[in-house]
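K.L.:
Residue numbers (the working numbering): 405 to 591. C-beta atoms are modelled at their ideal positions from N, C-alpha and C, and glycine is treated no differently.
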Amino acid sequence: IAAAQFGNKALPFVSIDTSNKAKEQTDLIARLLKNDVVYGLKFHPLSLHAPVGSLIGSDFMEIAREYNLPVILHTTHDQWSDPALACKVLEYYPSVNFCLAHAAVFRPEAFERIDDLPNAYLDTSPFLGNCQIHLNYPDAGQLDLPFDQPRIVMQYLFDRFPKKLLYGSDEPYTYNFGPSPHPYFYN
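Rendered as structure tokens:
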């Protein structure tokens, strides 16, 4: 979506749940679409304890396809929102654009697939928090990057995905209740 087209407007995305009252949700989304107040969908498998694969064959994806809505997928290291599993959803729906949130938690197998999927994008949210997580858990299966140097990691993302990287807005949400543990990033 071109920033010049929308200026300073917030573009609302609707959070969806494949495991709870899906018909009521899709009916509401259809009504909202008639008033042009929905710009995309967001699915958070971890918080719902619903696998990312539950999107396949869902009415939500039919709405996304029919109305050309992008879909944000939460990704992390768990059984519900693993980025490699999320990539299977992207492959199943090649005409729908997807954003893998949290930079697909820097998983090498996801990054390799993102290179080949024209409908795949990454966001950086919450970038500093993700860097800290990967410092604390260096054996979580992520790329070997200097997570103690966020600028270098961000440059890597820009260089690797120059047309697929989106600024994510979880930050500064993750540090609302105290100072950021990464003051050097802002210097």
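Classify Gly457 as helix, strand or coil using the three-state DSSP reduction.
P.N.:
Collapsing the DSSP output to three states places Gly457 in a helix.
K.L.:
With H, G and I counted as helix, E and B as strand and the rest as coil, what does DSSP make of Ala544?
P.N.:
Secondary structure of Ala544 (DSSP, three-state): coil.
K.L.:
Am I right that Ala490 and Val456 are in contact with their C-beta atoms under 8 Å? What's the rounded C-beta distance?
P.N.:
5 Å
K.L.:
What three-state label does DSSP hand Tyr525 in the structure shown?
P.N.:
strand
K.L.:
Which term fits Gly533, buried or exposed, when burial requires 16 or more other beta carbons within 10 angstroms of its beta carbon?
P.N.:
buried
K.L.:
Whole angstroms is fine: what's the gap from Gln553's alpha carbon to Tyr571's?
P.N.:
18 Å
K.L.:
The alpha helix (DSSP H) with Val493 in it runs from where to where?
P.N.:
Per DSSP, Val493 belongs to the alpha helix (DSSP H) from 487–496.
K.L.:
By the DSSP assignment, the beta strand (DSSP E) with Val418 in it spans what residues?
P.N.:
417–420 is the span of the beta strand (DSSP E), which, as asked, contains Val418.
K.L.:
According to DSSP, is Gly444 helix, strand or coil?
P.N.:
strand
K.L.:
CB Ile518 to CB Lys446, shorter than 9 Å?
P.N.:
no
K.L.:
Would you decide whether Tyr496 is buried or exposed? Buried here means 16 or more other CB atoms lie within 10 Å of its CB.
P.N.:
exposed
K.L.:
Check for me: the beta strand (DSSP E) holding Leu477 runs from which residue to which?
P.N.:
475–477
K.L.:
Work out the CA separation of Asp563 and Ser451 for me, nearest whole Å.
P.N.:
Their backbone Cα atoms lie some 31 Å apart in a straight line.
K.L.:
Give me the DSSP bridge partner(s) of Cys503.
P.N.:
Ile476, Tyr525.
K.L.:
Please tell me whether Leu504 and Leu526 are closer than 9 Å, where the distance is taken between their beta carbons.
P.N.:
yes
K.L.:
What is the rounded straight-line gap between the Cα of Ser419 and the Cα of Ile476?
P.N.:
9 Å
K.L.:
Judging by CA-CA distance, which residue of Leu415, Ser458, Lys438, Lys413 is the nearest neighbour of Asp421?
P.N.:
Minimum Cα distance to Asp421 is reached at Ser458.
K.L.:
Just to confirm my understanding: we take Phe417, look at its own chain, exclude 5 residues before and 5 after, and list those with CB closer than 7 Å. What are they?
P.N.:
Tyr443, Gly444, Leu445, Lys446, Ile476
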